[in-house]
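Numbering follows numbering that gives the first Met the number 0, with no gaps: position 276 of the sequence shown is 275. All remarks here apply to the structure that follows.
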Amino acid sequence: MPSTNDVFQKNIDDIALILIRKFGLRFKQEDEKLNCPLDRWLDFRCRYIAPLPRKVALSNAFPKANLPLSAQRGLSSLLRKFTAGENVNPYQGRGLIIRNDTSGSKKHTRTDLLYADWNMLHFHLSDEIIPSGQFFSKPADYLAFCMIGGDVVAVVDVLPHPNRAGFANTDLFATLANSWPQYIAQYELNGVLAGNTFSSSDISQLREAGITTFVEHDGKVYMGPGGGITSAGTSLRVGRSSDYLRDTANMLANIVDDPHGQFQVHPVIKEISEPDFMLALDCRGLCVRENTSQTHFLIKRPVANQKPTRFEAMSDMLVPDWAIS
Numbered sequence: 000m001p002s003t004n005d006v007f008q009k010n011i012d013d014i015a016l017i018l019i020r021k022f023g024l025r026f027k028q029e030d031e032k033l034n035c036p037l038d039r040w041l042d043f044r045c046r047y048i049a050p051l052p053r054k055v056a057l058s059n060a061f062p063k064a065n066l067p068l069s070a071q072r073g074l075s076s077l078l079r080k081f082t083a084g085e086n087v088n089p090y091q092g093r094g095l096i097i098r099n100d101t102s103g104s105k106k107h108t109r110t111d112l113l114y115a116d117w118n119m120l121h122f123h124l125s126d127e128i129i130p131s132g133q134f135f136s137k138p139a140d141y142l143a144f145c146m147i148g149g150d151v152v153a154v155v156d157v158l159p160h161p162n163r164a165g166f167a168n169t170d171l172f173a174t175l176a177n178s179w180p181q182y183i184a185q186y187e188l189n190g191v192l193a194g195n196t197f198s199s200s201d202i203s204q205l206r207e208a209g210i211t212t213f214v215e216h217d218g219k220v221y222m223g224p225g226g227g228i229t230s231a232g233t234s235l236r237v238g239r240s241s242d243y244l245r246d247t248a249n250m251l252a253n254i255v256d257d258p259h260g261q262f263q264v265h266p267v268i269k270e271i272s273e274p275d276f277m278l279a280l281d282c283r284g285l286c287v288r289e290n291t292s293q294t295h296f297l298i299k300r301p302v303a304n305q306k307p308t309r310f311e312a313m314s315d316m317l318v319p320d321w322a323i324s
């Protein structure tokens, strides 16, 4: 008979697979070593922008001169959506859903390499109405490169849609560093001297090979704010989130198994000789379910402006509000 932890670990993958299918994510499982549903779901979950009102911070690359009118309108429309808390995900690249796949056979298409490395997302500056039944906006000639944190969106730059190497444009990093020096200072590698400088093309090729590089700027050396890329071409941030979730599920399983804990002494559960627990989804979110009695214990979500407990963080990471609304 499988342990409670074994059951919970399988349940996490089952829940991730349900959500993968709900959002229509590309998940071909072409590499048997990378076929974990949780990793695919978390890659999407980390990149998906929750619809909430955000303040806009512009870098020192603004104001932009000589932007085509269509790009100006697209940028104004995008920023209005951010400040109003509307859904901006249709303006992200198609890799969010249909091009990137953590389980794919091609290493360079397993995640958004710019986001994994430098924590920047890109948005198509299209002001055309998205046709009914279609998720993504029309691809645009200009992109806005942004960083999202809490209730703030930092717009790093607006540039013509680049080729692949352009998504490793070191000018983007320089603009980020010059505009928000306090933010980038936390990623400085103290005591490391600048050596050979990687070009944008070098960084792009190394990313696609699953190699994370340090970035030299103004005589200092930095690690990328995104956390980096694994040798498999996946996001290190996603790997860490996956480990955190699985460790937390193991902790929860131990609490559930405790004969003197809140689950086993529950008035309904204590009357069952062999309780059968699992992790499940209901209309409220993530819960622990005892199958014999059909009793559900909701795992609470984080409370605004309070540090979440580990289990609240687990609930939000695996099943955020927007995923079941």
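For every residue, glycine included, the Cβ atom is placed at its ideal position computed from N, Cα and C. Source: prediction; values computed, not measured.
{"Asked": "Other residues of its chain near Thr27: CB distance less than 7 Å, five sequence neighbours each side excluded", "Found": "Note on residue identity: the sequence assigns Lys, not Thr, to residue 27. Asp100, Ser102, Gly103."}
{"Asked": "Alpha-carbon spacing of Thr174 relative to Pro89, whole angstroms", "Found": "26 Å"}
{"Asked": "Residue environment, Glu289, which counts as buried when at least 16 other CB atoms sit within 10 Å", "Found": "buried"}
{"Asked": "Separation of Asp12 from Asn304, as counted between CA atoms", "Found": "30 Å"}
{"Asked": "Reduced DSSP category for Thr294 - H, G, I as helix; E, B as strand; rest coil", "Found": "strand"}
{"Asked": "Cross-strand partners of Phe122 (DSSP beta bridge)", "Found": "Gln91, Ala143"}
{"Asked": "For Cys35, the residue or residues it bridges with in DSSP", "Found": "Paired residue(s): none; Cys35 is not in a bridge."}
{"Asked": "Three-way DSSP call (helix, strand, coil) for Gly165 in this model", "Found": "helix"}
{"Asked": "Arg46 at chain D interface by Cβ criterion, 8 Å", "Found": "Among the protein chains of the structure shown there is no chain D, as only one such chain exists."}
{"Asked": "Status (buried if at least 16 other CB within 10 Å, exposed otherwise) for Met316", "Found": "buried"}
{"Asked": "Nearest residue (CA-CA) to Pro36, options Val255, Gln261, His160, Val237", "Found": "Val237"}
{"Asked": "Beta-carbon proximity of Lys106 to Ala231, cut-off 8 Å", "Found": "yes"}
{"Asked": "Minimum C-alpha distance to Ala322 - residue among Ile19, Val220, Thr308", "Found": "Ile19"}
{"Asked": "7 Å CB neighbourhood of Lys299 in its chain, flanking five on each side removed", "Found": "Glu311, Ser314"}
{"Asked": "Under the three-state DSSP convention, the category Ala279 falls into", "Found": "strand"}
{"Asked": "Range of the contiguous beta strand (DSSP E) that encloses Val220", "Found": "219-221"}
{"Asked": "Neighbourhood of Pro138 by C-beta, 7 Å cutoff - its chain only, sequence neighbours within 5 removed", "Found": "His123"}
{"Asked": "Collapsed DSSP secondary structure at Val237 in the structure displayed", "Found": "helix"}
{"Asked": "Within 8 Å, strictly: CB atoms of Phe166 and Ser203", "Found": "yes"}
{"Asked": "Between the CA atoms of Asn86 and Lys80 - distance to the nearest angstrom", "Found": "7 Å"}
{"Asked": "Through-space distance from Asp217 to His295, alpha-carbon basis", "Found": "56 Å"}
{"Asked": "Rounded C-alpha distance that separates Asn253 from Cys286", "Found": "15 Å"}
{"Asked": "Helix, strand or coil at Glu270 according to DSSP, with G and I counted as helix", "Found": "helix"}
{"Asked": "Nearest-angstrom Cα separation, counted from Asn195 out to Val302", "Found": "47 Å"}
{"Asked": "Asp5 classed as buried or exposed, judged by whether at least 16 other C-beta atoms fall within 10 angstroms", "Found": "exposed"}
{"Asked": "Gly149 versus Pro307: straight-line alpha-carbon distance, rounded", "Found": "14 Å"}
{"Asked": "Cβ-Cβ distance between Ile14 and Leu278 below 8 Å", "Found": "yes"}
{"Asked": "Helix, strand or coil at Ala184 [DSSP, three-state]", "Found": "helix"}
{"Asked": "Per DSSP, cross-strand counterpart(s) of His216", "Found": "Lys219"}
{"Asked": "Residues near Met146 by beta carbon distance below 6 Å, same chain, minus five either side", "Found": "Asn118, Met119, Ala153"}
{"Asked": "Arg25, buried or exposed, once every other Cβ within 10 Å from all chains shown has been counted against 16", "Found": "buried"}
{"Asked": "Unbroken beta strand (DSSP E) run spanning Asp156, endpoints", "Found": "151-159"}
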